[in-house]
Amino acid sequence: MGKKIQIEFSPNAMKELERLKEQTDATSYAQVLRTALRIYGWCIDHQQMNRKIYAKDADDRVIYELLLP
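With the first letter of the sequence shown counted as 1, position 17 gets the number 110 in the working numbering; the numbers rise by one all the way through.
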């Protein structure tokens, strides 16, 4: 069995967590957080390999570059 943790969220962070749960049809807040953790790990791994992560529009123009601390 996994380890349990307790997290306190600000009202804004809780609203975002609820929004993500609804939009992704996640069955729990834990599912949203596990998915977010996997995505964050993937981003960090690629950043450490000196790769860049971009969002592009339909015309293949870069509209955003993800920069993580």
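Backbone N, C-alpha and C fix where the C-beta goes; we use that ideal spot for every residue, glycine too. Source: prediction; values computed, not measured.
Since residue i contacts residue j with CB under 8 angstroms, what's their CB separation in whole angstroms?
{"i": "L161", "j": "Q141", "result": "L161 to Q141, Cβ: 10 angstroms. No contact."}
{"i": "L159", "j": "I146", "result": "4 angstroms"}
{"i": "I156", "j": "A148", "result": "5 angstroms"}
Going by DSSP, what residues sit across from residue i in a beta bridge?
{"i": "L159", "result": "I146"}
- For the stretch 100-133, list the alpha helix (DSSP H) runs that are entirely contained and at least 4 residues long, ordered along the chain. 104-117
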